[in-house]
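Take a look at the structure set out below.
Residue numbers (the working numbering): 985 to 1169.
Set out below in structure tokens:
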């Protein structure tokens, strides 16, 4: 019996390492962790979070300009009512001492994906009615910002609101939406 045991020990010792279970078991565990880490790194690089601003200092300085635009819209008692109809949008602008603008700029900001953001230039149809054809389909929730559109000049005012096309096809923009956060009618 001792001869069999010593023969098995010698046989196990002479077997190559790569034919045994334990070395592979000990290699596979850290190997899977390395592969999972590489996959996680690739996913993080490809799908980076665009909601974080790189230059937050400049954005902080621009806040005063935005507050001035909101205050000017409030002084003019500006409001806008909009309606989405298929692939077109119509907006009516109301307020005191309202200038006649030939164009308005409507910025569409998606809450989660900056890649979906776009702008629409609205053309005056007369009597402060503006319309445009949309180049993209808009479904779901959006943040809208309306401002006057001059080629090289910054707008003196802006109106903001939150718009959810799943619940309604109409929206209202006024100084209350600017002061209290975005509201949907």
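Cβ coordinates follow ideal geometry from the N, Cα and C atoms, glycine included.
A quick note: this is a predicted structure, and the numbers were derived from the prediction, not measured.
Tell me which residues share the same chain as residue i and place their Cβ nearer than 6 Å to its Cβ, disregarding the 5 neighbours each side in the sequence.
| i | result |
| --- | --- |
| residue 1078 | 1063 |
| residue 1065 | 1076 and 1156 |
| residue 1074 | 1067 and 1115 |
| residue 1092 | 1102 and 1126 |
Beta carbon of residue i, beta carbon of residue j: below 7 Å?
| i | j | result |
| --- | --- | --- |
| residue 1205 | residue 1053 | Nothing about residue 1205 can be read from this structure; the chain reaches only from 985 to 1169. |
| residue 1154 | residue 1067 | yes |
| residue 1116 | residue 1104 | yes |
| residue 1106 | residue 1118 | no |
| residue 1140 | residue 1056 | yes |
What residues match up with residue i in a beta bridge as DSSP calls it?
| i | result |
| --- | --- |
| residue 1157 | 1064 |
| residue 1146 | 1127 |
| residue 1074 | 1067 and 1115 |
| residue 1091 | 1103 and 1129 |
Please work out which residues of its chain come closer than 7 Å, Cβ to Cβ, to residue i, disregarding the five sequence neighbours upstream and downstream, and give them in chain order.
| i | result |
| --- | --- |
| residue 1149 | 1068, 1122, 1123 and 1124 |
| residue 1165 | Its pLDDT being 41, under 50, residue 1165 is placed unreliably in this model, and the coordinates cannot settle the point. |
DSSP state of residue i, grouped into three classes?
| i | result |
| --- | --- |
| residue 1134 | coil |
| residue 1172 | The shown model of the chain, from 985 to 1169, leaves out residue 1172, and the question about it has no answer. |
| residue 1122 | coil |
| residue 1004 | coil |
| residue 1021 | helix |
Leaving out the 5 sequence neighbours to the left and right, which residues in its chain are closer than 8 Å to residue i when beta-carbon positions are compared?
| i | result |
| --- | --- |
| residue 1095 | 1125, 1126 and 1127 |
Does the beta carbon of residue i sit closer than 7 Å to a beta carbon anywhere in chain B?
| i | result |
| --- | --- |
| residue 1122 | The question asks about chain B, but that chain is absent: this structure has only one protein chain. |
Can you confirm whether the stretch 1109-1118 touches the stretch 1076-1092 when touching is taken to mean that 3 or more C-beta pairs between the two stretches lie within less than 8 Å? Short answer: they touch.
For the stretch 1126-1134 and the stretch 1080-1097, state whether three or more C-beta atom pairs, one from each stretch, are separated by less than 8 Å. Taking 8 Å as the limit for Cβ pairs, the verdict is that the stretch 1080-1097 does touch the stretch 1126-1134.
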